[in-house]
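In the working numbering, the protein residues as written are 8 to 457. Cβ atoms here follow ideal geometry from the backbone N, Cα and C, with glycine treated the same way. The structure under discussion appears below in the form of structure tokens.
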């Protein structure tokens, strides 16, 4: 039986969350993006604007101002999310089965990698893949939607062939113009390139934050697994000794405990958060030390995972459906381990470098007061992306070429490591897509009770 949340199968709830979250995601994306889709929903002839009647109508209704809001906050989110919503609605049962197959076939993959790389994959898909391909898919989704409406209409099927053709063409003409126009503006106006460059800038700034948060999620689950083991072991002992299992795992309380542990770990190890507009620099810092996470907490939690897994094998305890050593699971587990082995040191460099450089910078108090933003003074942690700029200011002030050399070296380190880590995440995205496609192919389109 699959995991239930509030009486609902978790996989079905996940499908509903995806359907609800997609339009909200696109609305938020266009809300915070500095690049808007277009000012007007339709091209306006410049000669028409000069007519007094047209000017009166637009001023009276404030049409020009309203269409900017409608295009970016209503039309674009709806039609950019349309292909995904259509896919979810048509394949809702098969999608739920797909998630179940993915879960059972990847249990061989250590939970830390499933959570860690799964979280990073989600971020990359939301940042880079969905905004780029959704407009063109929205056009095809409009055509598919028109076809679905035709096939679901008994009246159309009873009509003549010419009537069906005309009806289908009318539906396509009614549904497709807006997604076609939005896609044309998005690609022809190079908005996708501007937005991709903007997103890349955000991604390089939040990469450390994403990795630390992902690790905190994994480690909080590891610590929570000890509590689960205590209750599960107690229930197993009661069943074997008294024949009645009286102790149940308090999953809701366990989830609350794990969430609290996550907040504590994030506070202790996350050096800063980045979000455009949150401050003049975009950073909010409080001096968490990621070195504590990478060098101590991760190893301790990895030991906890290993201990819990070993006890579960010895005692025969099962969690989340148990262990399924499938061939595809071994393949992907090896792939994730390989990516982690070859790329882990790069994100650690980016996360721990600011600690040591910040200590060096604060040995020059006169320059620090002049060029280091005041919000970094109290916790002595300067975000790594800010350090090259500060070193450049130091060079301009003092003329010392060492500062310029350090600025270039740190900038090169950030760019190189960011590219390597993005490539690594791209590999894991491809791996997860392969897992999804393989699971989708195996999943049944019919109702299944797990």
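Item                                                                                                                                                                                               : Value
Residue 387 by DSSP, collapsed to three states: which one?                                                                                                                                         : coil
Can residue 277 and residue 299 be called in contact, C-beta distance under 8 Å?                                                                                                                   : no
To the nearest whole angstrom, what separates the beta carbons of residue 394 and residue 409, a pair I think is in contact under 8 Å?                                                             : So it is not a contact: roughly 14 Å between Cβ atoms.
Closest to residue 218 by CA distance: which of 272, 249 and 318 is it?                                                                                                                            : 272
Under the three-state reduction of DSSP, which class applies to residue 185: helix, strand or coil?                                                                                                : helix
Using the Cβ count rule (16 or more neighbours within 10 Å means buried), how would you classify residue 436?                                                                                      : buried
For residue 280, which of helix, strand or coil comes out of DSSP?                                                                                                                                 : strand
So, helix, strand or coil for residue 290, using DSSP?                                                                                                                                             : strand
Express the C-alpha separation of residue 310 and residue 296 in angstroms, rounding to a whole number.                                                                                            : 21 Å
Would you kindly report the start and end of the unbroken alpha helix (DSSP H) that includes residue 409?                                                                                          : 408–449
Whose C-alpha, out of 129, 43 and 37, is nearest the C-alpha of residue 432?                                                                                                                       : 129
Please name the residue, chosen from 380, 139 and 28, that lies closest to residue 201 on a Cα-to-Cα basis.                                                                                        : 139
Could you say if the segment 168–175 and the segment 206–225 meet the contact criterion of at least three C-beta pairs nearer than 8 Å?                                                            : no
Mind checking which residues open and close the alpha helix (DSSP H) that includes residue 32?                                                                                                     : 17–39
Using 10 angstroms around the beta-carbon of residue 81, count the other beta-carbons present and answer buried if the total reaches 16, otherwise exposed.                                        : exposed
At a cut of 8 Å, does the segment 220–228 reach the segment 253–271 through at least three beta carbon pairs?                                                                                      : yes
Classify residue 186: buried if its beta carbon has 16 or more other beta carbons within 10 angstroms, exposed otherwise.                                                                          : buried
Determine, using beta-carbon pairs with one atom in the segment 141–149 and one in the segment 79–98, whether at least three such pairs fall under 8 Å.                                            : yes
Please go through the same chain and pick out, in chain order, the residues whose beta-carbon is closer than 8 Å to the beta-carbon of residue 357, but skip the five residues on each side of it. : 214, 215, 391, 420, 421, 424, 425 and 428
According to DSSP, simplified to helix, strand and coil, what is residue 42?                                                                                                                       : coil
Taking the C-alpha atoms as reference points, what is the distance between residue 399 and residue 19?                                                                                             : 53 Å
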